[in-house]
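Numbering (the numbering used here), first residue to last: 656 to 973. Have a look at the structure below, then the notes.
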């Protein structure tokens, strides 16, 4: 009733050491979930879960439980996502507390990254280095997510509550809280998983995969392609092929033809999308953009590259 438009509520107390208690809607009726820290020795018999939730909410209410369970509050990541013919993804590769849906989305991105590489190798146009790049690209993403976003957020909240309290000074607390929320907002807005420095991406040297970046419409190698409208009225994502895709915006035929000819000789599936370099497409800042099946940019440029075969061999792990 107090916050009718909210779907989640977070509660933080100093004794929780920076770990949030969460209430969240699971449907439009009266279904909710709740999770929060409990002592290591907690069992179904020795914890008053209803009382725990009432203390977190700050008022009394009636409820029934569909399920009560326990999970360990930890951040873990596998040493490698590949061992020979075996690959791990999602919860088999990494785990962390259910903060911000990073676990679910990281798992989906794992699959998007791995699936096309497996398909490329099985179809004969991907090499061994392409399979190795799965762990190289994806593992740093989750490692930094766990360390900088999840654990880092908990430690920052813990530090804030150790130095601020509404009981000691309401004004200082509110000012500090506002500053904390602004820092948190910046942390999330700068969350931009990328594969800079990947062995199968042709980008800037001396870089590596990570989560810290800047959201931009520019077509940057190692970064997710931004959505843009084509002159046909369709979104570029609607036209991408199942293999590699070359976006050619007012590019000369002599710059496009080598990609088509050499990809055929190598057995690499290539879709070419030709369009004008006008309107929203100018934001890509490149007339030629080579896009992977997972919608990440493998290479970009403004003129015919000298070594098309080298480009295709690198981005396919051959």
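C-beta: ideal position from N, C-alpha, C; glycine also.
>> One question on the structure: do residue 914 and residue 970 come within less than 9 angstroms of each other, judged by their Cβ atoms?
In response: For the purposes of this step, residue 914 is identified with residue 259 of the chain shown, where counting begins at 1. For the purposes of this step, residue 970 is identified with residue 315 of the chain shown, where counting begins at 1. Contact flag unset, no.
> What are the boundary residues of the alpha helix (DSSP H) that includes residue 878?
Replying inline: Position 223 of the chain shown, counted from the start, is the residue given in the question as residue 878. Residue 878: not part of any alpha helix (DSSP H); DSSP gives it neither H nor E.
>> Determine whether the beta carbon atoms of residue 804 and residue 850 lie at a separation below 9 angstroms.
In response: Along the chain shown, read from residue 1 onward, the residue named residue 804 stands at position 149. Along the chain shown, read from residue 1 onward, the residue named residue 850 stands at position 195. Taking 9 angstroms as the Cβ cut-off, residue 804 and residue 850 do not qualify as a contacting pair.
> Who does residue 679 pair with in a DSSP beta bridge?
Replying inline: Here residue 679 corresponds to residue number 24 of the chain shown, with the count starting at 1. Under DSSP, residue 679 shares a beta bridge with 663 and 688.
> Does the pairing of the region 896-903 with the region 851-862 give three or more beta-carbon distances under 8 angstroms?
Replying inline: The answer is no - the region 851-862 does not touch the region 896-903, with fewer than three Cβ pairs under 8 angstroms.
>> Tell me the rounded alpha-carbon separation between residue 984 and residue 886.
In response: An answer regarding residue 984 cannot be provided, because it is not within the stretch 656 to 973 covered by the chain.
> Of the choices 698, 707 and 852, whose alpha-carbon is the least far from that of residue 690?
Replying inline: Start at 1 with the first residue of the chain shown, and residue 690 comes out as number 35. Of 698, 707 and 852, the residue nearest in Cα terms is 707.
> Does the count of Cβ pairs from the region 755-771 and the region 818-831 closer than 8 angstroms reach three?
Replying inline: Touching, no, given that fewer than three Cβ pairs across the two stretches are closer than 8 angstroms.
>> Which complete alpha helix (DSSP H) runs does the region 906-970 hold, if anything under 4 residues is left out?
In response: Counting only runs of 4 or more, we get 908-921 and 963-970.
> Rounded C-beta distance between residue 757 and residue 751? I'm assuming under 8 angstroms.
Replying inline: In the chain shown, the residue the question calls residue 757 occupies position 102. In the chain shown, the residue the question calls residue 751 occupies position 96. Indeed they touch by this definition, with Cβ atoms about 7 angstroms apart.
> Alpha carbon to alpha carbon, what distance is there between residue 784 and residue 854?
Replying inline: Within the chain shown, numbered from 1, the residue matching residue 854 stands at position 199. Within the chain shown, numbered from 1, the residue matching residue 784 stands at position 129. C-alpha of residue 854 to C-alpha of residue 784: approximately 8 angstroms in a straight line.
> So, helix, strand or coil for residue 902, using DSSP?
Replying inline: Working through the chain shown from its first residue, we reach residue 902 at position 247. DSSP places residue 902 in strand when its eight states are reduced to three.
> What residues in its chain sit with their C-beta under 7 angstroms from that of residue 862, if we drop five residues either side in the sequence?
Replying inline: The residue you call residue 862 lines up with position 207 of the chain shown. 851 and 852, listed in sequence order.
>> Based on DSSP bridge pairs, tell me the residues matched to residue 742.
In response: For the purposes of this step, residue 742 is taken as the residue at position 87 of the chain shown. DSSP lists 737 as partners of residue 742.
> Among 775, 779, 949 and 905, which one has its Cα closest to the Cα of residue 930?
Replying inline: On the chain shown, position 275 is the one that residue 930 refers to. Of the residues 775, 779, 949 and 905, the one whose Cα lies closest to the Cα of residue 930 is 905.
> Under three-state DSSP, which class holds residue 846?
Replying inline: Position 191 of the chain shown holds residue 846. Correct three-state label for residue 846: strand.
>> Report the CB separation of residue 782 from residue 972 in whole angstroms; it is logged as a contact under 8 angstroms.
In response: In the chain shown, residue 782 corresponds to position 127, counting from 1. In the chain shown, residue 972 corresponds to position 317, counting from 1. The beta carbons of residue 782 and residue 972 sit about 4 angstroms from each other, so the pair counts as a contact at 8 angstroms.
> In whole angstroms, what is the alpha-carbon distance linking residue 813 and residue 847?
Replying inline: Within the chain shown, the letter at position 158 stands for residue 813. Within the chain shown, the letter at position 192 stands for residue 847. One C-alpha to the other measures close to 25 angstroms.
> Could you give the uninterrupted runs of the alpha helix (DSSP H) lying entirely in the region 760-820, keeping only those of 4 residues or more?
Replying inline: Runs of the alpha helix (DSSP H) lying entirely within the region 760-820 and spanning at least 4 residues, in chain order: 783-799 and 807-818.
>> Judging by CA-CA distance, which residue of 657, 777 and 679 is the nearest neighbour of residue 714?
In response: Within the chain shown, residue 714 is the residue found at index 59, counting from 1. Per the Cα distances, 657.
>> Can you list, in chain order, the residues of its chain with a C-beta nearer than 6 angstroms to that of residue 797? Leave out the 5 residues immediately preceding and following it.
In response: In the chain shown, residue 797 corresponds to position 142, counting from 1. These residues qualify, in order along the chain: 732, 749 and 761.
> Nearest to residue 744 by CA position, among 839, 766, 932 and 877, is which residue?
Replying inline: As a working mapping, residue 744 is identified with position 89 in the chain shown. Per the Cα distances, 766.
> Using the C-alpha atoms, what's the distance from residue 738 back to residue 806?
Replying inline: The sequence position of residue 806 within the chain shown is 151, counting from 1. The sequence position of residue 738 within the chain shown is 83, counting from 1. Going by the C-alpha atoms only, they are around 28 angstroms apart.
>> By the three-class DSSP mapping on this structure, what secondary structure does residue 891 have?
In response: In the chain shown, residue 891 corresponds to position 236, counting from 1. It is helical.
> If you draw a straight line from the C-alpha of residue 902 to the C-alpha of residue 892, how long is it?
Replying inline: Along the chain shown, read from residue 1 onward, the residue named residue 902 stands at position 247. Along the chain shown, read from residue 1 onward, the residue named residue 892 stands at position 237. Those two C-alpha atoms are separated by around 11 angstroms.
>> What does the Cβ neighbour count give for residue 801, buried or exposed, with the cut at 16 atoms within 10 Å?
In response: Translated into positions along the chain shown, residue 801 becomes position 146. Around the beta-carbon of residue 801, 16 or more other beta-carbon atoms lie within 10 Å, marking it buried.
>> I'd like the list of long-range same chain contacts for residue 676, defined as Cβ closer than 6 angstroms, with 5 residues on each side in sequence excluded.
In response: For the purposes of this step, residue 676 is identified with residue 21 of the chain shown, where counting begins at 1. Counting only Cβ-Cβ distances below 6 angstroms, and skipping sequence neighbours, we find 666, 691 and 711.
> Where do the ends of the beta strand (DSSP E) carrying residue 865 lie?
Replying inline: Along the chain shown, one-based indexing puts residue 865 at 210. Looking at the DSSP string, the run of the beta strand (DSSP E) that includes residue 865 is 865-867.
>> Please identify the residue among 948, 951 and 941 whose C-alpha is closest to the C-alpha of residue 957.
In response: Here residue 957 refers to the residue found at position 302 of the chain shown. When only C-alpha atoms are compared, the closest one is 941.
>> Rounding to the nearest angstrom, what Cα-Cα distance links residue 938 and residue 873 in this structure?
In response: Start at 1 with the first residue of the chain shown, and residue 938 comes out as number 283. Start at 1 with the first residue of the chain shown, and residue 873 comes out as number 218. Rounded to whole angstroms, the separation of the alpha carbons of residue 873 and residue 938 is 6 angstroms.
>> For residue 828, which residues in the same chain have their Cβ closer than 8 angstroms to its Cβ, ignoring the five residues on either side in sequence?
In response: Along the chain shown, one-based indexing puts residue 828 at 173. Cβ within range, chain order: 819, 820 and 821.
> What is the DSSP secondary structure of residue 749, reduced to helix, strand or coil?
Replying inline: Numbered from its first residue, the chain shown carries residue 749 at position 94. In this structure, DSSP gives residue 749 an extended state, which the three-state scheme calls strand.
> Buried or exposed: which applies to residue 681, given that a residue is buried once 16 or more other Cβ atoms fall within 10 Å of its Cβ?
Replying inline: Taking the first residue of the chain shown as 1, we reach residue 681 at position 26. Burial state of residue 681 is exposed, judged by a 10 Å Cβ sphere holding fewer than 16 other Cβ atoms.
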